[in-house]
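To keep things clear, I will list the structure first and then write my remarks on it.
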Amino acid sequence: MTEKLEGVKEIDLSCLFRVSGPKRSEVDALIANSLATDGAFVATSLPDSGDLDQKMSKLMRFFDLPSDVKFGCAVQSYQSGNSNTYRGYYPLPEVADWTHKEYYDIGPEPAMGIPNIPGGVSFCEANVWPREGDLPNWRSEMLNQLHELRDLACQLLAAIARGLNLNSKPFVDASAGRNASMRLLSRPVLAKSCKSETPTADENDFLNDLEILPDGRQIVTGRHVDENLISILWQSSAGGLQMEGRDGIWKEAYPRPGTLSVHCGTLLAPLTGDRLTGTPHRVASNGACRTSMGHFLEPDFETNVCAPESGIPVTYAQHLVNLFPERFTESDAA
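For the sequence shown, the residue numbers in numbering that gives the first Met the number 0 are 0 to 333.
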């Protein structure tokens, strides 16, 4: 029998939300050490953790809506009549491949101010929502979750600074404001499990392109890092989220009720003198339906950050332009 991957360390965060003291200092050190070695940890004993999974399940109701309702929120590349290019709904691809998932993106509301750089509007457009009658209370539930998780992420940044014995001001400055993104994802049953008895050449290519792990699962989201400060993820019982530590060893963030996984974005590297770096992560699947949520803490657009590759200070908006030039056009300039 193939052995399971070792699990990412679980950390009880209950002391993090109390006044300072020895117990909180212990938690600070655990957080910093886990992120420095494994790049991640699983947070337990969160406020209202007993309601967390129910809240997430309610957010996933969007994916149960009729296709025409969902496409009313689709980004322009999928629905040409819509004006939103970034925020909103991304439907399932027509041809099954490793991107076989649908997802929905939101950011702060009201939208962030447009930075004075060409194409900056692409990263701060208004959210797009289904009609209230189609999904009662969903908009407020989404925004509440965005705000609650941003508060948690900022508290975690403060804990990291304390745990590494670093000046907290650069961490506070980097996370000041209200910028963040939140993404819901739904991956239906993996195409392999519903193939015909005589698969086409395209179907065979799809299967062959997916890396197979020793336990038989397939890598359905490849190894990547997040270009932000810190990421907080929730996943359904299907699980599959894996993190690569500094030693190159993969560990799994096993889902348990009421827990969230936390990992480093690339912008933590310059803040910590490379003691923390962007955590490579991926998703493995046995073919089961999987839902997940990602919250990504970001600096405000005019905040200066150091690009991890060059160390040169630029505004966060300019950093995004440098990373993703294909998302920006002169016609989108502020």
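For every residue, glycine included, the Cβ atom is placed at its ideal position computed from N, Cα and C.
How far does the beta strand (DSSP E) with residue i in it reach, from first residue to last?
| i | result |
| --- | --- |
| alanine 316 | Taken as a continuous stretch (DSSP letters only), alanine 316 belongs to no beta strand (DSSP E), being part of the alpha helix (DSSP H) at 315-322. |
| glutamate 301 | From DSSP, glutamate 301 is part of no beta strand (DSSP E); its letter is neither H nor E. |
| glycine 162 | Not the beta strand (DSSP E): glycine 162 falls in the alpha helix (DSSP H), residues 137-162. |
| lysine 250 | 249-251 |
| methionine 336 | Nothing can be reported for residue 336: it is not among the residues displayed for the chain, which extend from 0 to 333. |
| leucine 259 | 259-263 |
| aspartate 11 | 9-11 |
| aspartate 336 | Nothing about residue 336 can be reported from this structure: the residues present for the chain run from 0 to 333 only. |
Could you check if residue i is buried or exposed, using at least 16 other CB atoms within 10 Å of its CB as the buried criterion?
| i | result |
| --- | --- |
| cysteine 288 | exposed |
| glutamine 217 | buried |
| serine 167 | exposed |
| aspartate 37 | buried |
| leucine 240 | buried |
| asparagine 178 | buried |
| proline 298 | buried |
| alanine 200 | Its pLDDT being 43, under 50, alanine 200 is placed unreliably by the model, and the measurement read from it follows with that caveat. Counting Cβ neighbours within 10 Å, alanine 200 comes out exposed, since fewer than 16 surround it. |
| histidine 223 | exposed |
| valine 188 | exposed |
| glycine 244 | buried |
| isoleucine 231 | buried |
| valine 7 | buried |
Judging by CA-CA distance, which residue of the options is the nearest neighbour of residue i?
| i | options | result |
| --- | --- | --- |
| leucine 91 | Pro107, Ser66 and Trp233 | Ser66 |
| glutamate 4 | Thr290, Glu226, Ala175 and Trp249 | Per the sequence presented here, residue 4 reads as leucine, with glutamate not at that position. If we check each option's Cα against that of leucine 4, Trp249 comes out closest. |
| phenylalanine 26 | Ala35, Gln234 and Cys14 | It is valine, not phenylalanine, that sits at residue 26 in the sequence shown. Ranking Ala35, Gln234 and Cys14 by Cα distance to valine 26 puts Cys14 first. |
| glycine 176 | Ser236, Cys153 and Val7 | Cys153 |
| alanine 157 | Glu147, Val171, Gln144 and Ser284 | Val171 |
| valine 127 | Glu108, Gly119 and Gly118 | Glu108 |
| arginine 23 | Asp246, Trp233 and Arg161 | Arg161 |
| asparagine 227 | Gly49, Ser139 and Leu296 | Leu296 |
| lysine 100 | Gly244, Thr290, Glu140 and Tyr85 | Thr290 |
| glutamate 124 | Asp273, Arg149, Ala31 and Gln75 | Gln75 |
| leucine 165 | Ile311, Thr258 and Ala31 | Ala31 |
| glutamate 422 | Val18, Leu34, Ser19 and Asp150 | Missing from the structure shown is residue 422; the chain here goes from 0 to 333 and no further. |
| lysine 54 | Ser139, Asn321, Ile229 and Arg326 | Ser139 |
| aspartate 104 | Val94, Ser56 and Ser180 | Ser180 |
| methionine 141 | Lys69, Ser56 and Pro117 | Ser56 |
| asparagine 285 | Leu12, Asp214, Leu322 and Thr278 | Asp214 |
| valine 219 | Ser236, Pro169 and Arg281 | Arg281 |
| arginine 149 | Thr278, Val261 and Pro312 | Val261 |
| alanine 237 | Ser48, Arg86, Leu184 and Phe300 | Leu184 |
| threonine 84 | Glu93, Gly71 and Val94 | Gly71 |
| leucine 275 | Leu322, Leu163, Leu134 and Leu45 | Leu163 |
Taking the alpha helix (DSSP H) that residue i belongs to, which residues open and close that run?
| i | result |
| --- | --- |
| glutamine 234 | From DSSP, glutamine 234 is part of no alpha helix (DSSP H) but of the beta strand (DSSP E) over 229-234. |
| valine 68 | 66-70 |
| valine 41 | Unbroken run through valine 41 is the beta strand (DSSP E), 39-43; no alpha helix (DSSP H). |
| alanine 287 | That residue, alanine 287, is in no alpha helix (DSSP H); it is neither H nor E in DSSP. |
Who does residue i pair with in a DSSP beta bridge?
| i | result |
| --- | --- |
| glutamine 217 | Ile211 and Ser284 |
| proline 254 | According to DSSP, which records beta bridges pairwise, proline 254 is partnered with nothing at all. |
| methionine 292 | Leu183 and Trp233 |
### Query
Is there contact here, the segment 310-318 with the segment 105-119, by at least three beta-carbon pairs under 8 Å?
yes
### Query
Is the number of C-beta pairs between the segment 77-89 and the segment 38-49 that are closer than 8 Å three or more?
no
### Message
Assess contact between the segment 48-64 and the segment 265-278, defined as three or more Cβ pairs (one per stretch) separated by less than 8 Å. Is contact present?
### Response
no
#### Entry: Segment contact flag, the segment 239-254 with the segment 299-307, C-beta cutoff 8 Å, min 3 pairs
no
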